[in-house]
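Throughout the sequence shown, residue numbering follows my numbering, covering 378 to 589 in sequence.
Think of the CB as a built atom: it goes at the ideal place given N, C-alpha and C, for glycine as much as any other residue.
Computed from a predicted model, the values in this text were never measured in an experiment.
The structure appears below as structure tokens.
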Amino acid sequence: NFNSEKPEGQIIMTRMQKMNWKNVYYKFLEITISEARCLELHMEIDWIPIAHSKPTGGNVVQYLLPGGIPKSPGLYAIGYEECIKGLLSPYMERHSVDPGKEGSVDLENLSAQASLQVEIEPTRIIYCYLGITEVWTLQQCLFLHFQANTKTFSKDWVGINGFLSQNCIVDPGVSPKSIYIKFVEVERDFLSASSLVECLEKAIGYPLKFNN
378 NFNSEKPEGQ IIMTRMQKMN WKNVYYKFLE ITISEARCLE LHMEIDWIPI AHSKPTGGNV
438 VQYLLPGGIP KSPGLYAIGY EECIKGLLSP YMERHSVDPG KEGSVDLENL SAQASLQVEI
498 EPTRIIYCYL GITEVWTLQQ CLFLHFQANT KTFSKDWVGI NGFLSQNCIV DPGVSPKSIY
558 IKFVEVERDF LSASSLVECL EKAIGYPLKF NN
């Protein structure tokens with residue numbers, strides 16, 4: 378049964394009368410504005426890659442935050458790139474070249490086959506932290522994560538800031554892990570931190586590594 382006096386009930390009742398439905402089944406989910414914005418962050422907002430520069434002769438990479446980060450409250454997520462290499466293709470395993478066999482090797486054909494040897498799956502970005510701007514703005518929070526001193530300003534940031542700092546230290550010739558951000562503005566009156574992490578974790582299907 379549903380309450381026909383509520384907006385969702387009125388919509389269903391109107392449809393029943395218009396379509397002459399006999400039996401009606403429906404689902405209704407009641408969520409907060411902040412939870413709706415959290416789902417929007419996941420489903421509608423694109424990831425933004427964080428550029429980095431490497432000082433000459435040093436092994437410490439510096440993050441370069443993009444412009445245009447709002448000076449307003451909201452939600453933000455930090456993620457990193459996971460790239461998985463596939464196995465050797467069965468074709469290559471069956472058609473390996475034996476230099477001892479007669480005949481010349483078609484280098485052009487061999488090169489084309491070799492390009493199929495390792496298959497790289499599409500890039501997957503793993504969520505690792507969801508931030509809620511309870512005190513600062515989106516711009517301030519992201520600055521404190523990526524460009525501030527290694528000291529953390531909140532005990533909740535120890536894990537994520539440690540991860541980002543460690544990612545800046547690289548061996549010669551090795552690139553750091555690719556880092557991404559996304560954010561959405563939310564009025565501070567609607568920000569409720571209680572269930573947002575759980576909301577995002579259920580949506581993505583795995584736990585956020587650096588949220589306590």
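- Per DSSP, Leu416 is not a residue of any beta strand (DSSP E); the alpha helix (DSSP H) it occupies stretches across 410-420.
- Within the region 532-574, complete beta strand (DSSP E) segments of at least 3 residues are found at 556-562, given in chain order.
- In this structure, Cys505 places its C-beta atom within 8 Å of the C-beta atom of Ile455.
- The straight-line gap separating the alpha-carbon atoms of Arg501 and Glu564 is approximately 30 Å.
- Beta bridge pairing from DSSP links Val437 with Ile546.
- With a cutoff of 8 Å on beta-carbon distance, Ile389 and Tyr402 are scored as not near each other.
- Glu459 has its alpha-carbon roughly 7 Å from the corresponding atom of Ile503.
- In chain order, Phe405 place their CB closer than 6 Å to the CB of Glu385, counting only its own chain and leaving out the 5 sequence neighbours on each side.
- For the options Val437, His419, Ser569, the alpha carbon positioned closest to that of His429 is the one of Val437.
- Nearest to Leu585 by C-alpha distance, out of Lys383, Arg392, Ile537, is Ile537.
- In the same chain as Pro443, and ignoring 5 residues on each side of it, the C-beta atoms closer than 7 Å to its own belong to Ile425, in chain order.
- Residue pairing of His429 in beta bridges, as defined by DSSP: Tyr440.
- For Ile581, the closest alpha carbon among the candidates Asp548, Met420, Ala413, Gly451 is that of Met420.
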